[in-house]
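Student: Dropping the structure in here first, questions after.
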Amino acid sequence: MSRSLKFGSMKFVRTCAAVSLIALATVGCSNRNSDDTATTQAPATAAPTATDAPSATDAPVTTDAPTGPMFGTMASPCGPATEAGVPTIADGQNGGDTIKLGTANDHGYEGAPGTTLEMLDAAKAFAGWCNAQGGVRGLPIEIVDLDGKLFSVPPSMEQACSEVFAMAGGGWVFDDQMYPRFHECGMISFSGYAVSATASMANGKIQPIPNPPNEKPAQWLNWARDTYPEAIKKAALIYGDFLTTKNVADQLAATMKVVGGFGEPSMITYNPAGEANWTPFAQKLKSAGITFMSFVGTDSNLVLLYKAMREVGYVPDVVLNDANFYSSMMVAEGNAASNEGFLARTMYAPFEEAEDFPGMASYLAMMATHNREGRIAGLGLQATSALLMFVTSANACLDSNNNVLERECVLAEGMKITSWTGGGLHSETNPAAKTAPKCGLIMGIKDGKWARIYPEVGSADDNGGGWHCDENGAVEIVGDFGDVTSGVDPTRPN
Amino acid sequence: MSLLEIRGVMVRFGGVMAIGGVDLDVQAGEVTGLIGPNGAGKTTLFNVISGMQEPTAGSVHVSGVDVTNEAPHRRAKRGLARTFQRLELFSSLTVRDNVRVAAELAALTNIDETVDNLLQKVGVSDLAEQTAGDLPTGSARLVEIARALATGPHLLLLDEPASGLDEAESERLGVLLRQLTADGLGVLLVEHDMSLVMHVCDQIFVLDLGLIIANGTPTEIQHDPKVLQAYLGAPS
Amino acid sequence: MQELLTFTIIGLSTGAIYAVVASGLVVTYTTSGIFNLAHGATGMLAAFTYWQLRFDWNLPAPIALFITLFVLCPIFGLVTERFVMRGLQGTSEVVKLSVTVALFAFMIGIANWIWPSDSSREAFLKFYEGNKVSIFGINISWHKLITFGCAILVAIVLRLLLFRTRMGVAMRAVVDDRALTELNGGRPDRVAIFAWALSAMLAGLAGILLAGEQQLNIEPLVFLVINAYAAAIIGRLKNLPMTFAGAAVLGLLDAYYLQFSDKSWFPQSIMGFGISGMRASIPTIVLFIALLALPQSRLRAGVVRIREQNKMPAWNTSLLGAVSLIAVVVAISGMLTRSNTLLLLNGFTFAIVALSLVPLTGYAGQMSLAPLTFAGLGAIAMSKLPGDGNLLTLIAAVVIVALVGALVALPAIRLSGIYLALSTAAFAVLVTKLIFNQKQTFMSGNISVPVLDIPFLEINTPRGRLILASIAFSVLGLGVVAIRRSRLGRRLIALKDSPAAAATLGMSLTRTKLAAFAISAGIAACAGALAGDKVSPQQYDFTQSLPIVLLTVVGGVGTVGGALFGGLMLGGNSVLATVVPTLKNVTKILPGTIGVTLGRNPSGAANQIADAYRSLTNRWSLLAFAAAGAIVIWILDAQYVISHWAFFIAGVFWILAVTPNLVGIMQATRTRRIIASIYLGIGVIVSISIDWDNAVDSTGKRLIALILLIALFGVGAQRVAENAPRIHRSSPDVIGLTKDFTDEELDHAERELGVVL
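Going line by line, the protein sequences match chains B, F and A.
Just so you know, this note's numbering puts 146 at position 146 of the first sequence, and the rest follows in order with no gaps.
Just so you know, this note's numbering puts 98 at position 98 of the second sequence, and the rest follows in order with no gaps.
Just so you know, this note's numbering puts 87 at position 87 of the third sequence, and the rest follows in order with no gaps.
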């Protein structure tokens, strides 16, 4: 057994080296968290809901910065202090010299990093834009990142309770887990989106585009029924095998039933953790002669399915999807050719039409100026819309409450909003009534790019400022799609 | 009726015939030796007897009962116990606990007393609280024997119990074995230590290449030319 | 008919993918004896690396491929063997498996660190854009053909390599008996390196092929490989042709299921339970069946030669420990913020799950990868049974889940080692996919587990639940200690130490294993049943079980203390990531890195510390010194010379870093003694003199600093003091010795003998 000193000191040196490396690594190694202009990658396990927005295309970036007092078609609610002075925040509501707004998101989830990062990015840009004008009547906004990482919603909710004045502009995939803590600490939320039925129907919050579980936007399906009456008779829904996705798929099937004209859809599941081979699915669609297909899951999987369909040589006549598929991944280099003809709905201003939609132009300018590296995507629009609602409601509260910001007061003002477009970011909605939006727009992939399919601008169907709005644009569906009561706290005024 | 009766046992591993048809008897109150060069198949035979190896053919009877298809733990209930060529102590347990486990499995009354007695009988009382894994080989072997005895067996299979023992210990082992047989136990002993074997055994079987080539008293075996040839590999 | 043919060819193309993956697994096992759970993760890293070279740095494809497969992969294999696997000689199957789990976690963490988001990875899909070929009227892409080709090529090359070359034979020999190979002139180290390099290359090939068709994302790449385990098991982990056949079967079943799933005769639900998860579960079901069809592992002697040693816990210490734990928790819970309380509660829940592994894996040596699944079942039982959370409901839930545990174990009982571990994994995956994923079980994504309702006790606050959790852990811990000291405990240990001896002494191995599984399931069920909150199925996913198993083994799976250590470490790791975002990346690889060091002390860290303390008990002077130091620190705090945080940090440093090193230092040579003492001295001075309250702004950062202090100075001092491998106490070579040789004595002996080099 050799115990020469040389052997010993090699080990010694190695240990020192290893230990120092650990030390070094912990110091200042945070440059890895670079944001990028990536598209939305909704988590493989998450359900896209009706309000999941599309991700961006490579939209034209307008270079003129937003001039003072406008956001799209609405006057900017931000500004310097009025004669009443800089507002204060009620005691015990995490006040201070800034308004701390917590933006919920799940970007830290390791299985799908960057999930809904666009909401946080939009919130940060919004804060920059708003504070440049003075903030909320002189009181600056500070954004707090409430990263739920998909499975850590309760600790994030704790963080919110102890750190923020209000939650704004965000949402968690597993948002039912924030109750009842949310109510216990008297939090309010101007949510970017809601996923579960519990969160959708909860009180203590408001969102610019409501998505009640039993009322679904149907305008896109109406259009399909009217435009392709034959093709929709052989329908299939392909969805990820996960409870939340299943729920959404069931809701979609129920909506199709109410809209009428659709054949009973074949319900086919895929493994959200990853499919080894998408060819069997493509072959299945071919063998069964499916002519209408809708996909409930993530765009990265749909892209693979499309490739398989091209390989097999069969694509259903109509592939029509919900809003989260209006994304840049669908038209990315290498995908666009195979995804030709794909259709998706949106109730946002199209990214491609920023010149015609001042709201979109303002959003893009805001991101370019205040968060250049931030991700541009549909949920970012929803976040911005929610934040605009918050500031608008905050102003109204300050007017009636002696220049003191107080949670229930701000929320009560928000609850009075029955018509909202976020400065033209999206079609008109009624947040207070918690009804599903009745307007919509269909985009499609043509020649490798997203293009507007319906309604044609200026045509008779364009009755909503670029969207088509219809009494039947939202329908009620019957079914148990989740617990709608446990998010409601009857002791709260709003 | 023999305590242990093996008839026509054959064990084949793939193309290799490890045991080619063995008949063997062990009587109660006797020490029966099983010797042979390395690779003869002695441990395999033990495995067959104790139930760890299924024979390709043949039968094993313990006290007249056919145990050929019984699982090892059932054979133990019939009064069979063994030690192992490479120590199989419960190395995380103390010596006392090793023996206790066996006593508890046999559902004895007065477990503590029995354990103490056995430890003393075998000569390892002072090691009772030591962790079995820390023991030197010689003591460990003795503990294994004590543990096997704790089940109150009628038939004891010992696989090279003297390996690792010095002369004095080996002699003490021999004395212990004679004591046990005096109490009525039957012992089947695999050993390489020839002096121990010749002193202690009442009869000896010689196994070579899977077959019994000789059996008889120690004196007979010592003079058997076939045995010498098997060990030395040349005509004597 | 045409349709059947079409789906058959499609199924075979899926099978080709599985075949490449599975053959890599089989080769690893036959050449190293270790079932590498991290095989898929290796493939994933290779795919990412290929992407990096080819699409981010724009190297031409052949060069990128060459570098990845023939340079980087073998290097990775070499590093793995040299620094991780080699140290696992003589450890139990459990430790070996845990280390591969650690590697798995480590690699996923690294991948998330280096390639944090996924945007531009889409570019990978351009791999074989559009090119396809028509066979029997079915279009098959070039990519699939290449995969087929690779599969066949791999099969041929491996066959030739393993049976016709010297290296191949040597690789197979090393697994059989490393020492013997060495004695016969083989070079097992070199052979082992080659074997691991080969495995890494195969994994890399599989990863790149898979990624070419899938998303370049961690989950799919890794879990597709897990599906391939079924094919490997069908091949009994040694028979390549059977493995290929198995892969084909998997692919075909998958395709046919899809073909027939909407026919009228195909069942859409079984007993009211939807079967949507069935198709994705096919590989797991096949795995389960293949495992059960394995021939019973023969009872063999000489199988277990382990290095882990755990002392029998004494009642006094255990009771003291239990009571102090509760007392400490009650004391500090009043001072913690609400969110820290909840995080600590999380840690204790994990600790209870970890505790469930102690009787099963620690005592009985049966490896289970599914403790969380039983916790999930416990949560479901508690929530669905009548009684709304009273004590009887809890007991009923525990009993029911324990019975389920035994039932599940029954078919798997005949298996051992890796096969048993895989069957627990298969069970966990099936329960997750087929039971947790049902609407009936988890309505709209989660269920509420009622808080335990003990009359007169207000448990509904976070502090109350934390105290309850600590009480539960203590009570269950005492129960586990009681088991260890009982007849059952001895049998469990007998089962682990020598199943052959136990059986031949009359022990029914089956019954003992069943008992172990039942107890383990029951304890884990407690963890779930006491959740007292909303829980979602993802919490109990099989992949969440892996870190728990890993960290428990690291902490020391043979002791209650080890379970506590492991559970709190896991809870703490999540805390770290939340509290100190800059460390987020480090925490991704922390469990993996820690686990990988198991080779040094297979009994776990808690054991190591306990050992060090035990060695102090005979050395009064050192004990006095340790106590004196602690008292001095306390006085400094009481007299306000140092701040509270300095007291805390210096105190913990003294307890965890200085005291355990005292004996080692005293035994070292003079120079080393001085250096090590200086090291420790600096550590103490640093911990006392930094103004922790003000210079560092958050608790999380302070904790990090503390850990760094311990790592740098404490472990550093230990390494300095101990410069040579100690003679292991259990070696028969130290007959007659009552204490270890000190380094001075060894030095002296060598000089006398003239062997100084």
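Each residue gets a CB set at the ideal place from its N, CA and C atoms; glycine is no exception.
Would you please verify whether the beta carbon of Thr552/A is less than 7 Å from any beta carbon of chain F?
Tutor: What you label residue 552/A is simply residue 552 of the third sequence in a count that begins at 1. With 7 Å as the cut-off, Thr552/A does not count as an interface residue toward chain F.
Student: Which chain B residues sit within Cβ distance under 8 Å of Gly277/A?
Tutor: Counted from its first residue, the third sequence places residue 277/A at position 277. Going along chain B in sequence order, the residues near Gly277/A (Cβ under 8 Å) are Asp241, Thr269.
Student: Buried or exposed for Asp497/A, please, with buried defined as at least 16 other CB atoms from any protein chain shown within 10 angstroms of its CB.
Tutor: Working through the third sequence from its first residue, we reach residue 497/A at position 497. Counting Cβ neighbours within 10 Å, Asp497/A comes out buried, since at least 16 surround it.
Student: In whole angstroms, what is the alpha-carbon distance linking Gly92/B and Val404/B?
Tutor: Here the question's residue 92/B lines up with position 92 in the first sequence. Here the question's residue 404/B lines up with position 404 in the first sequence. The alpha-carbon atoms of Gly92/B and Val404/B are separated by roughly 13 Å.
Student: Go ahead and label Ile270/A buried or exposed: buried means 16 or more other beta carbons lie within 10 angstroms of its beta carbon, across all protein chains shown.
Tutor: One-based indexing of the third sequence puts residue 270/A at position 270. Ile270/A comes out exposed.
Student: For Val330/A, which residues in the same chain have their Cβ closer than 7 Å to its Cβ, ignoring the five residues on either side in sequence?
Tutor: Start at 1 with the first residue of the third sequence, and residue 330/A comes out as number 330. Excluding residues within five positions, the ones whose Cβ falls inside 7 Å are Ile467.
Student: Taking any Cβ of chain F, which residues in the region 497–520 of chain A have a Cβ under 8 Å from it, in chain order?
Tutor: Within the region 497–520 of chain A, the qualifying residues are Asp497, Ser498, Ala500, Ala501, Ala502, Ala503, Thr504, Leu505, Gly506, Met507, Ser508, Leu509.
Student: Measure the Cβ-Cβ separation of Ala28/F and Leu87/F and say whether it is below 7 Å.
Tutor: Looking up residue 28/F in the second sequence gives position 28. Looking up residue 87/F in the second sequence gives position 87. No, the Cβ-Cβ distance between Ala28/F and Leu87/F is not below 7 Å.
Student: Pull up the DSSP beta-bridge partners for Met167/B, would you.
Tutor: The residue given as residue 167/B occupies position 167 in the first sequence. For Met167/B, which the question treats as bridged, DSSP gives the partners Gly102/B, Ser189/B.
Student: Hey, how far is the Cα of Ser731/A from the Cα of Gly566/A?
Tutor: The residue labelled residue 731/A in the question sits at position 731 within the third sequence. The residue labelled residue 566/A in the question sits at position 566 within the third sequence. At Ser731/A, the pLDDT of 49 sits below 50, so the modelled position is not reliable; the number obtained from the coordinates is stated separately. Those two C-alpha atoms are separated by around 29 Å.
Student: Taking Ala494/A as the query, report the chain F residues whose CB atoms sit under 7 Å from its CB, ordered along the chain.
Tutor: Your numbering for residue 494/A matches position 494 in the third sequence. Residues of chain F passing the Cβ test: Phe90, Val101.
Student: When you compare only the Cα positions, how much space is there between Phe127/A and Tyr419/A?
Tutor: To locate residue 127/A, count along the third sequence from 1; it is residue 127. To locate residue 419/A, count along the third sequence from 1; it is residue 419. Residue confidence for Phe127/A is low, a pLDDT of 48 falling below 50, so the modelled location carries little weight and cannot support an answer.
Student: For the pair the region 217–235 of chain A and the region 283–292 of chain A, tell me if three or more CB-CB distances fall below 8 Å.
Tutor: Because the criterion of three Cβ pairs below 8 Å is met, the region 217–235 of chain A and the region 283–292 of chain A touch.
Student: Among Pro62/A, Phe244/A, Gly365/A, whose alpha-carbon lies nearest the alpha-carbon of Ala515/A?
Tutor: The count along the third sequence starts at 1 and reaches residue 515/A at position 515. The candidate whose alpha carbon is nearest that of Ala515/A is Gly365/A.
Student: Suppose you measure from the CA of Arg452/B to the CA of Pro217/B; what does that come to, to the nearest Å?
Tutor: Residue 452/B sits at position 452 when you count from the first residue of the first sequence. Residue 217/B sits at position 217 when you count from the first residue of the first sequence. Spanning the two alpha carbons is a distance of roughly 19 Å.
Student: Under 6 Å Cβ to Cβ from Gly528/A, same chain only, skipping five residues before and after it: list those, please.
Tutor: On the third sequence, residue 528/A is found 528 positions in, with the first residue counted as 1. Contacts found: Ala375, Gly376, Gly378, Ala379.
Student: Would a check of beta-carbon distances place Lys121/F closer than 7 Å to chain A?
Tutor: Numbered from its first residue, the second sequence carries residue 121/F at position 121. Judged by the 7 Å Cβ criterion, Lys121/F is not in contact with chain A.
Student: Considering only the beta carbon of each residue, do Ile156/A and Lys96/A sit closer than 7 Å?
Tutor: Taking the first residue of the third sequence as 1, we reach residue 156/A at position 156. Taking the first residue of the third sequence as 1, we reach residue 96/A at position 96. No, Cβ-Cβ distance for Ile156/A and Lys96/A is not below 7 Å.
Student: My assumption, with CB atoms under 8 Å, is that Gly487/B sits in contact with Tyr193/B. Please give the rounded CB distance.
Tutor: As a position in the first sequence, residue 487/B is number 487, starting the count at 1. As a position in the first sequence, residue 193/B is number 193, starting the count at 1. With a Cβ gap of about 15 Å, Gly487/B and Tyr193/B do not count as contacting.
Student: 7 Å is my cut-off, CB to CB: does Arg164/A come that close to chain F?
Tutor: Against the third sequence, residue 164/A aligns to sequence position 164. No, no contact with chain F.
Student: Pop quiz: Glu158/B and Arg181/B are said to be a contact at Cβ under 8 Å. What is the actual Cβ separation, rounded to whole angstroms?
Tutor: For the purposes of this step, residue 158/B is identified with residue 158 of the first sequence, where counting begins at 1. For the purposes of this step, residue 181/B is identified with residue 181 of the first sequence, where counting begins at 1. Indeed, because the Cβ distance is near 7 Å, the residues count as touching under 8 Å.
Student: Quick one: using the 10 Å Cβ neighbour count with 16 as the cut-off for buried, is Glu104/F buried or exposed?
Tutor: Along the second sequence, read from residue 1 onward, the residue named residue 104/F stands at position 104. Classification of Glu104/F: buried, given that the 10 Å Cβ count is 16 or more.
Student: DSSP three-state call for Asp176/B: helix, strand or coil?
Tutor: By 1-based counting over the first sequence, the position of residue 176/B is 176. DSSP places Asp176/B in helix when its eight states are reduced to three.
Student: Reducing DSSP to helix, strand and coil, say where Gly477/A ends up.
Tutor: Here residue 477/A refers to the residue found at position 477 when the third sequence is read from its first residue. Here Gly477/A sits in helix by DSSP.
Student: Comparing alpha-carbon positions, which option in Lys438/B, Asn131/B, Ser156/B lies nearest Pro77/B?
Tutor: On the first sequence, residue 77/B is found 77 positions in, with the first residue counted as 1. It is Asn131/B whose Cα lies nearest to the Cα of Pro77/B.
Student: With a Cβ-Cβ cutoff of 7 Å, do Glu118/B and Gly380/B count as a contact?
Tutor: Locating residue 118/B in the first sequence gives position 118, where the first residue counts as 1. Locating residue 380/B in the first sequence gives position 380, where the first residue counts as 1. Contact: yes.
Student: Any heavy atom of the ligand SAM within a distance shorter than 6 Å of the CB on Lys238/A?
Tutor: Only the bare structure without any ligand can be found here, which leaves the ligand SAM out of the picture.
Student: Determine the contact status of Thr361/A and Arg82/F, defining contact as a CB-CB distance below 7 Å.
Tutor: The count along the third sequence starts at 1 and reaches residue 361/A at position 361. The count along the second sequence starts at 1 and reaches residue 82/F at position 82. Cβ atoms of Thr361/A and Arg82/F: not closer than 7 Å.
Student: Where do the N-terminal and C-terminal ends of the alpha helix (DSSP H) with His183/B fall, by residue?
Tutor: The residue given as residue 183/B occupies position 183 in the first sequence. 181–184 is the span of the alpha helix (DSSP H), which, as asked, contains His183/B.
Student: Should Val99/F go down as buried or exposed, given a rule of 16 or more other Cβ atoms within 10 Å for buried?
Tutor: Looking up residue 99/F in the second sequence gives position 99. With 16 or more Cβ atoms within 10 Å of its Cβ, Val99/F is classed as buried.
Student: With DSSP as the reference, identify every bridge partner of Ile212/F, one or two as the case may be.
Tutor: Translated into the one-based positions of the second sequence, residue 212/F becomes position 212. Looking at the DSSP assignment, Ile212/F forms a beta bridge with Leu207/F.
Student: Is the shortest distance between the beta-carbon of Ser236/F and the beta-carbons of chain A less than 7 Å?
Tutor: On the second sequence, position 236 is the one that residue 236/F refers to. At Ser236/F the pLDDT is 42, less than 50, meaning the model places this residue with poor confidence; the figure from the coordinates comes in the next sentence. No, because no Cβ of chain A sits closer than 7 Å to the Cβ of Ser236/F.
Student: Determine, for Arg751/A, whether the minimum Cβ-Cβ distance to residues of chain F falls below 7 Å.
Tutor: The residue you call residue 751/A lines up with position 751 of the third sequence. Not one chain F Cβ lies under 7 Å of Arg751/A.
Student: Which whole-angstrom value is the C-beta distance of Leu211/F and Leu34/F, which I expect to be below 8 Å?
Tutor: Here residue 211/F is taken as the residue at index 211 of the second sequence, counted from 1. Here residue 34/F is taken as the residue at index 34 of the second sequence, counted from 1. Not a contact, Cβ separation roughly 13 Å.
Student: At the level of alpha carbons, what is the spacing between Asp322/B and Asn339/B?
Tutor: Here residue 322/B refers to the residue found at position 322 when the first sequence is read from its first residue. Here residue 339/B refers to the residue found at position 339 when the first sequence is read from its first residue. Answer to the nearest angstrom: the Cα atoms are 15 Å apart.
Student: Would you kindly work out how many angstroms separate the C-alpha atoms of Leu568/A and Phe473/A, rounded to a whole number?
Tutor: On the third sequence, residue 568/A is found 568 positions in, with the first residue counted as 1. On the third sequence, residue 473/A is found 473 positions in, with the first residue counted as 1. Roughly 12 Å between the two C-alpha positions.
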